[in-house]
Amino acid sequence: MVSLARARRPRNPLAAEDNVAGWVFLLPAMIIFVLFIFGPILYIFWLSFHQWSLIEPAKPFVGLDNYRTLFSGDADFNLALRNTIWFALGVVPTQTALGLLLAVLANRKLRGKTFFRTAFYFPSISSSVVISIIFLWLYSARGLINYVLIQLGFPTPRPPWLSNPRGIIDMGLGAVGIENVSVWLAGPSVALLSIMMMNIWTTMGTMMIIFLAGVQDIPNDVYEAASLDGASRRSQFFDITVPLLRPVILFVLTLGFIGTFQVFDQIFVMTSGGPAKTTITLAYLVFQEGFGNFSMGYASAIAVVLFFIILMIYLVQRRIVGETAVR
Amino acid sequence: MVELAGTNGSGVLSRRKLVKGAAAGAIAAPALLHYGRIGGAQTPAPTGTVRLSGPTASPEEEELLRQVLDNFAQAYPSITVNYEPVPAEYLIKLQTDIAAGNAADVFYVKNEFSQDFMSRNTLLPIDEFMANDGVADADFYPGLINAFKWQGATYGLPKDWSPLGTCFDEQVFTDAGISAAPATWDELRTVLQTLLDTTGQPSLVIAPALDRFIMFLYQAGGNITNEGATEITLGDPATLEALDFFYGLYSDGLSTTPADSGAEWPGDALAKQLASIVFEGNWMFPFLNTNAPDLQVGVAELPAGPGGKGAPAFTNSYSIFAGSQQPEAAWVLVNYLTGNDGMALWTSLGLAMPARPGLMDAWLQQYPDRAPYAAAGEYTIAVQYGPGGQKFNDDANAVLQNLFAGQIDTAAAQQQLVEAATADITLATPSA
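Line by line, the protein sequences give chains Y and G.
Going by this note's numbering, the first residue of the first sequence is number 10, and it counts up by one from there.
Going by this note's numbering, the first residue of the second sequence is number 74, and it counts up by one from there.
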């Protein structure tokens, strides 16, 4: 298409006008993008080289000082990085697997599948703040989850879900007599795990919709041929659906990692990073340093690091899938 | 000045109270002084438009402030006030406004953040204005105005305040045969033990948070920094004593956290009768009146510890933006709002307590049950952790939460508190 248009251009005097029209139509979006997204991103790089506080008139250039502080063992940054990685490692595979499972189920000829599709997608279109507040109630000491646990005969956990800073791996090892595991190995805290579960529930609907599109793209005759050859449902799933969905799976994984590395709203509403900082994520730390600790320059440095982490994830995904395979 | 032309209910109320105040001799002299200045026309009253900004806790509070500003408009017709209330995320809004050079001329500054603002030259020193208009430090509770002083200069005047106090469910106390609120740490333990034996529940609800722990720190005779914030004093034995007592209440089952109790905050726990004793301020009462109107809540001074009495206070100042184009007019507004007339009207609904000891007697005639809060005025200290204090606040909360979760012991907690304070707090260089 592109080459055709280019070849025709000298003969068609209207093409130049088309070009202008194209730019005019693009312009509003371009202006908004440059002004409110691209510009601020560049500005963050500039800020990260300064000792920059919103409330201080003097904003001296400090070179790489912010980065030096960041990588010379800033406890908060390490904590946030650890929490974010645990969060991503817990949430992304689970939501991908569940999203795929739901997509395959929702693609079957089941009674009420439209209801299930809507029900599972619903959390994705709701405000994350509203969902966070609902889960705040569910997780509360006298909330529904504890009520159900009591009815089932379990003891209620104390401290309750969102105020328990103990790492789950640490708790598991503690149960078999291994004490004092290192901070990294302690695993996500009960509080972080609670938010992770909520996040999985919220996003698996989005993943389901993406997978659904992929699943519906697989031609039916492949399955027909397979079933004529005597392939079971199970092997059809693992030998046809999953391999053919490979690019979609990688796309969903990438989306998932980018989303989880940016998690902020849930933390802001539910825990403010507590208890004992076990739910501080990188994005939340950016906010806290910038607005709570009056260090926007340092916060920008963290944001730049976060930017490169996400860029790396994206590049790895591109390398694996190859440009052409992305739909 | 005394003729406040309030026409609706609370305006009349406050006028009555003002007259009372004048009769008590607390208000007459400064009011006359002020009147003389305006009437005498030695210096013409400043003119201009002053922008005023602050967070709003409730519609009642916003309405009341508008009334105060109406009165100001009558007293100073040459100055127009644009009131710009901020319903949420005030600190963030304020910071971005300041960065844009667009901050209001006069705005609220909380005691917890004031040192960060003062040490960064964001606020205008007002000492000269104060001297010219005869406003003295001694007009305010020392623990409050000191929160707005930095290296010898004053950067704002407290508009109101509340300390923490012991708030208890009178019915539960009577049922358990407890006749008086605990006056010492030992009595507190005894009372809590009695309540535990009677109700089978921990009856004190208090969060493992620095802004609550600090009351025990004060009462043990300790503090985060020395006066003037030149040295970290958390390494003192008082800190360990306070940690042991605070954590001891929890580990012995005498106290619990809001999260454990299933309440959102201690006031909520009291309203839901999940707690029968909490350490909260005057701000809790509007909430209780709405959520538990039948609850009889008694107020007492906080129990004294081995270091004597100690009560953390929370306050806001009216401060002037260093970049203000009309500092003179802004000062006139600040001086009115924190002066006898403005403050008397502002505190007349009982939502807030006057920061001027001279107004307290009149206020207490209206709200006699809050006398224990007022009594703390002599020794209260506004909570401050030095510049960088917010980071320390976060770190210290994490330490306390780890302590309560059984991850560390009190000695380790003290050590971590000292480390955090040393790393986070920018100490003041001793001023010459």
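Every residue, glycine too, gets a C-beta built ideally from N, C-alpha and C.
For the region 146-170 of chain Y, the beta-carbon criterion of a distance under 7 Å to any beta-carbon of chain G is satisfied by 149, 150, 151, 167, 168, 169. Under the DSSP assignment, residue 152 of chain G falls in the beta strand (DSSP E) whose first and last residues are 152-159.
In the DSSP annotation of this structure, the continuous segment of the alpha helix (DSSP H) that includes residue 418 of chain G starts and ends at 413-419.
When C-alpha distances from residue 486 of chain G are compared across G/299, G/180, G/467, G/313, the shortest belongs to G/313.
Here the alpha carbons of residue 175 of chain Y and residue 88 of chain Y stand approximately 14 Å from one another.
Under a criterion of Cβ atoms nearer than 7 Å, the residues of chain Y adjacent to residue 464 of chain G are, in order, 302. Taking 9 Å as the cut-off, the beta carbon of residue 302 of chain G is found closer than this to the beta carbon of residue 500 of chain G.
In summary, the residues of the region 56-89 of chain Y whose CB is separated from some CB of chain G by less than 7 Å are 62, 63, 64, 65, 66, in the order they occur in the chain.
Between residue 488 of chain G and chain Y, the shortest Cβ-Cβ separation is not below 9 Å.
In the DSSP assignment, residue 323 of chain G falls within the unbroken alpha helix (DSSP H) covering 310-324. In the structure shown, residue 73 of chain Y adopts coil according to DSSP, grouped into three states. Between the alpha carbons of residue 274 of chain G and residue 327 of chain G lies a distance of about 8 Å. Using a Cβ-Cβ cut-off of 8 Å, residue 173 of chain Y is close to 478 of chain G, given in chain order. For residue 166 of chain G, the uninterrupted alpha helix (DSSP H) segment begins and ends at 163-172. Contact annotation: residue 411 of chain G and residue 230 of chain G have beta-carbon atoms nearer than 9 Å. Close to residue 474 of chain G, with beta-carbon spacing below 7 Å, are these residues of chain Y in chain order: 174, 283, 284, 285.
Residues of the region 187-213 of chain G with a C-beta atom less than 8 Å from some C-beta of chain Y are 189, 190, 193, 194, 195, listed in chain order. If the five residues before and after residue 315 of chain G are omitted, its C-beta is found closer than 8 Å to the C-beta atoms of 286, 289, 290, 292, 293, 295, 378, all from its own chain and listed in chain order. Looking at the DSSP output, residue 389 of chain G shares a beta bridge with G/183, G/233.
Think of a sphere of 8 Å around the beta carbon of residue 399 of chain G: no beta carbon from chain Y falls inside it, the nearest being about 19 Å out. In this structure, the straight-line span from the alpha carbon of residue 344 of chain G to that of residue 370 of chain G is close to 10 Å. The beta carbon of residue 319 of chain G lies closer than 7 Å to those of 286, 289 in the same chain, with the five residues before and after it left out. Under the Cβ criterion (8 Å, minimum of three pairs), the region 184-199 of chain Y does not count as touching the region 235-243 of chain Y. Within chain Y, the residues placing a beta-carbon under 8 Å from that of residue 168 of chain G are 63, 64, 300, 303, ordered along the chain.
With a minimum length of 4 residues, the unbroken runs of alpha helix (DSSP H) contained wholly in the region 70-109 of chain Y fall at 74-80. Look at residue 275 of chain Y: its C-beta is not under 9 Å from any C-beta on chain G. Nearest C-alpha to residue 153 of chain Y among Y/91, Y/169, Y/181: Y/169. By the C-beta criterion, the region 442-462 of chain G is judged not to be in contact with the region 273-281 of chain Y, since fewer than 3 inter-stretch pairs fall below 8 Å. Annotated three-state conformation of residue 298 of chain G is strand, per DSSP. Interface flag for residue 470 of chain G against chain Y is set, since a Cβ pair is found closer than 9 Å. Within chain Y, no residue has its beta carbon less than 8 Å from that of residue 442 of chain G; the closest one is some 30 Å off.
One thing to note: residue 323 of chain Y has its Cβ within 9 Å of the Cβ of residue 267 of chain Y. Look at residue 118 of chain Y here: in three-state DSSP terms it is coil, with no helix or strand label. Across the set G/498, G/474, G/478, G/375, the C-alpha of G/375 shows the shortest separation from the C-alpha of residue 255 of chain G. It is roughly 12 Å from the alpha-carbon of residue 124 of chain G to the alpha-carbon of residue 396 of chain G. Ranked by Cα distance from residue 109 of chain Y, the options Y/309, Y/299, Y/209 are led by Y/209.
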